[in-house]
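A.B. asks: Quick mapping for you: the protein sequence lines, in order, are chains A and B. According to the numbering used here, the stretch in the first sequence is residues 53 to 255, in order. According to the numbering used here, the stretch in the second sequence is residues 4 to 244, in order. Quick one: the structure is below, questions incoming.
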Amino acid sequence: MEMSASEGWRSEQELVKACLAGDVRATHRLVAIFHREVYALCLRLLGHTHDAEDVTQEVFLRIFRSLRCWDKKRPLRPWILAIAVNRCRTWLRKRPRNNALPDELSTGQSGAATDTAWELQETLSQALASLREEYRTVFVLYHDRHLAYEEIAEVVGRPVGTVKTWLHRARLEILAYLRRRGWDHEIRAALSGLPEMDANPTG
Amino acid sequence: MKFAQPCRVCLKWMQTLLDNECWKEPPNRIARHLENCQRCRNQWAAVQALLLGLRYWPVPEPVTPVARIVERVLCDRRERQSAWQRSILAASLLMAASVWFFLMTCPEPGPISDRFASNPAQELEMRTDQQMASLGPLSITESVAQTSHSVASANEIAAGQYSVREFAYWFFPEEYRETAEAVLGKLASGLAMSEGEDGENGLFPTFPRLEEVWEPVWDAGVSSWRLFRNVIPPLLDQLSS
């Protein structure tokens, strides 16, 4: 991640250095850069908006407490996402089981094009919630946060081969979930009600 | 409910599509296979649904503003700094209290080191020093009264009836008599010799009266043993010079 010169910090190292020196502007900048990303990851992994808000704040507290431990030779983003993943994992272990139903789409209909798309999002969220924790993590990091295999391996602390295997299994389980919910039959009809899909979506 | 897995060729193609999140019409070879294979057709439909779902998978904006998170971070930093300062202060106070307690309870003098313990003469001197030091800075009367081997009465000492030599005999226990003699021998050098009954050739050292050399240094709080060993000889030197 490169900072623009107008912001005063040319690189992540300089930004972190300024944060460690107690620069409030730099602290504000660092939070602003990663706020949405950390929140999105927490929301996908936890499935609850309120939980995601709380954990996002905790993640930033952790980040600034352990900023001195960050290896300057490595990129900042995977390190921050690794902290977020760990906090979500801890949160999920503490959270009571009866509170595990996802609610993320209850407020997220604004981006949906149609009711069909919204139903598909809901099904996808439920499928995600049904996955094992590791599968869910790599699926979200790859398809939602668009991290490369190597970066995901760094975040979850596992070899690239393991990450690929987990991602493959996660996809198969989600596809099986979609088929159980009848999307393999409905998709043709659904496609007709949705905007045209590009051959190369931006993702 | 288990679903049959698609054929190998289709599976690989679909995984490649998902890897790139790229929507493509199946190539001819795959399309022909899909026409004839129900399992792969179902899987292809599910893959299409997944690709579609990933495309329209919005993330709501976080409600908490950045400023609030920054404020919490700064507040946490301040709390941690003050907690750290409190810890440092508490540790310093504890350390100071420990040093003070140690100094207040430390015995004087300290333990005899091995270097001195190997020398019998030094060891004897150290032990005597330790024993005598335990008496503390006492007056003549108190010092004599506290030595169990004393033969002089407090009244006699107080009356100043005895010489340094006599006091030395009272002061030292029987087994340290040689030490007392050695000290007196050192005291005797440089003193005027006078005629008397006990000395060899009718001469013996004229030691000053005890109270004459004791009283001037008593106020300094020197222990009786240290007074005898370290203070009296220089005073006698002064008297003799």
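Where is the CB? At the ideal position from N, CA and C, for every residue including glycine.
So A/SER177 is in the alpha helix (DSSP H); what residue range does that whole segment cover?
C.D. replies: 167-181
A.B. asks: Distance check for A/LEU119 and A/VAL68, CA to CA, integer angstroms please.
C.D. replies: Near 7 Å, if we compare the C-alpha coordinates of A/LEU119 and A/VAL68.
A.B. asks: Excluding the 5 residues preceding and the 5 following B/GLY56 in the sequence, name in chain order all residues of the same chain whose CB lies nearer than 6 Å to its CB.
C.D. replies: none
A.B. asks: Is the separation between the beta-carbon of A/ILE135 and that of A/PHE86 shorter than 8 Å?
C.D. replies: no
A.B. asks: Quick check on the burial criterion: 16 or more other C-beta atoms within 10 angstroms. Buried or exposed for B/ALA70?
C.D. replies: exposed
A.B. asks: Which chain B residues sit within Cβ distance under 7 Å of A/LEU72?
C.D. replies: Per Cβ cutoff of 7 Å: no residues; A/LEU72 is ~10 Å from chain B at best.
A.B. asks: Compute the beta-carbon to beta-carbon distance between A/ALA222 and A/VAL215, rounded to the nearest angstrom, for a pair I have assumed lies under 8 Å.
C.D. replies: Not a contact, Cβ separation roughly 10 Å.
A.B. asks: Mapping DSSP to helix, strand and coil, what is B/SER90?
C.D. replies: helix
A.B. asks: Name, please, each residue of chain A whose Cβ falls closer than 8 Å to the Cβ of B/GLN18.
C.D. replies: Neighbours of B/GLN18 on chain A, chain order: HIS220 and ARG223.
A.B. asks: In terms of alpha-carbon separation, which member of A/LEU183, A/HIS198, A/ARG231 and A/CYS94 lies closest to B/ARG58?
C.D. replies: A/HIS198
A.B. asks: Quick one, are the C-beta atoms of B/LEU37 and B/PRO29 less than 8 Å apart?
C.D. replies: yes
A.B. asks: Taking the alpha-carbon of B/GLU64 as reference, which of A/VAL111, A/LEU98, A/PHE116 and A/ARG88 has the nearest alpha-carbon?
C.D. replies: A/ARG88
A.B. asks: Rounded to whole angstroms, what is the Cα-Cα separation between A/ALA179 and A/HIS102?
C.D. replies: 20 Å
A.B. asks: With DSSP run on the structure shown, which of helix, strand or coil describes B/HIS152?
C.D. replies: The pLDDT assigned to B/HIS152 is 40, lower than 50, so where the model puts this residue is not dependable; a value taken from the coordinates is nonetheless given after this. Coil at B/HIS152, not helix or strand.
A.B. asks: Inspect the CB distances between the stretch 81-97 of chain B and the stretch 122-132 of chain A and report whether three or more fall short of 8 Å.
C.D. replies: Of all C-beta pairs linking the stretch 81-97 of chain B to the stretch 122-132 of chain A, fewer than three are shorter than 8 Å, placing the two stretches out of contact.
A.B. asks: Please compile the residues from chain B whose C-beta is within a distance smaller than 8 Å of the C-beta of A/ILE226.
C.D. replies: LEU53
A.B. asks: Give me the residue from A/THR79, A/GLU203, A/THR142 and A/LEU230 with the minimum Cα distance to A/ILE115.
C.D. replies: A/THR79
A.B. asks: Which chain B residues sit within Cβ distance under 9 Å of A/ARG88?
C.D. replies: VAL62, GLU64 and PRO65
A.B. asks: Give the interface partners of B/ALA49 over in chain A, defined as CB-CB distance under 7 Å, in chain order.
C.D. replies: By Cβ distance, chain A contributes LEU227, LEU230, ARG231, TRP235 and ASP236.
A.B. asks: To the nearest angstrom, how far is it from the Cα of B/VAL76 to the Cα of B/SER101?
C.D. replies: 37 Å
A.B. asks: Determine the contact status of A/THR168 and A/LEU230, defining contact as a CB-CB distance below 8 Å.
C.D. replies: no
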